[in-house]
Amino acid sequence: MKQDLHQADGRTYLRSGQVAERARVNLQTLRYYERRGLIAEPLRSPGDHRAYPPETVMLLTVIKAAQRLGFTLEEVAELLDTGRHGHPTPDLRARAQAKIAEVEAKIADLSTIRAALTAVVAAGCDSLTGCTCPDCPLPFADLAGGRTPKAD
Numbered sequence: 152m153k154q155d156l157h158q159a160d161g162r163t164y165l166r167s168g169q170v171a172e173r174a175r176v177n178l179q180t181l182r183y184y185e186r187r188g189l190i191a192e193p194l195r196s197p198g199d200h201r202a203y204p205p206e207t208v209m210l211l212t213v214i215k216a217a218q219r220l221g222f223t224l225e226e227v228a229e230l231l232d233t234g235r236h237g238h239p240t241p242d243l244r245a246r247a248q249a250k251i252a253e254v255e256a257k258i259a260d261l262s263t264i265r266a267a268l269t270a271v272v273a274a275g276c277d278s279l280t281g282c283t284c285p286d287c288p289l290p291f292a293d294l295a296g297g298r299t300p301k302a303d
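The number in this note's numbering is simply the position in the sequence shown, starting from 1, with 151 added.
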């Protein structure tokens, strides 16, 4: 294993591979977050290796956790930026509530999709465009097959 880097300020820094391994991200993700400004550009060691402070690992962990909660990288960047200026992020709660609403809408959509797929399976549908089941629940099967849609 490569040794930690020590800078002139006496602090211990980590190489790119060490940060990526500890944060469980790949090197491309690390570089991408750096380009996006989510993490600070690292210092350079005397051998020109990237030298990250150990806090970078925690920051990457926080970013990945926020993404798993449904926040986009842009939203994460905004929340981090507010926090970096020494201000609390009171809109985190509001943003989390908005994410809950988004998740609930997605759950409703998925429930509708599940019900439709269950109806397709139950009806014995055998084709998207030429289904031969008598009560095909696929609305576009009527249009594609030339059948007249049933009136409800």
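Where is the CB? At the ideal position from N, CA and C, for every residue including glycine. This structure is a prediction, so every number in the text was calculated from the model and none was measured.
Under the three-state reduction of DSSP, R175 is assigned to coil, being neither helix nor strand.
One alpha carbon belongs to E172, the other to D260, and they sit about 37 angstroms apart. Taken through DSSP and simplified to helix, strand or coil, A202 comes out as strand. In this structure, DSSP gives L194 an extended state, which the three-state scheme calls strand.
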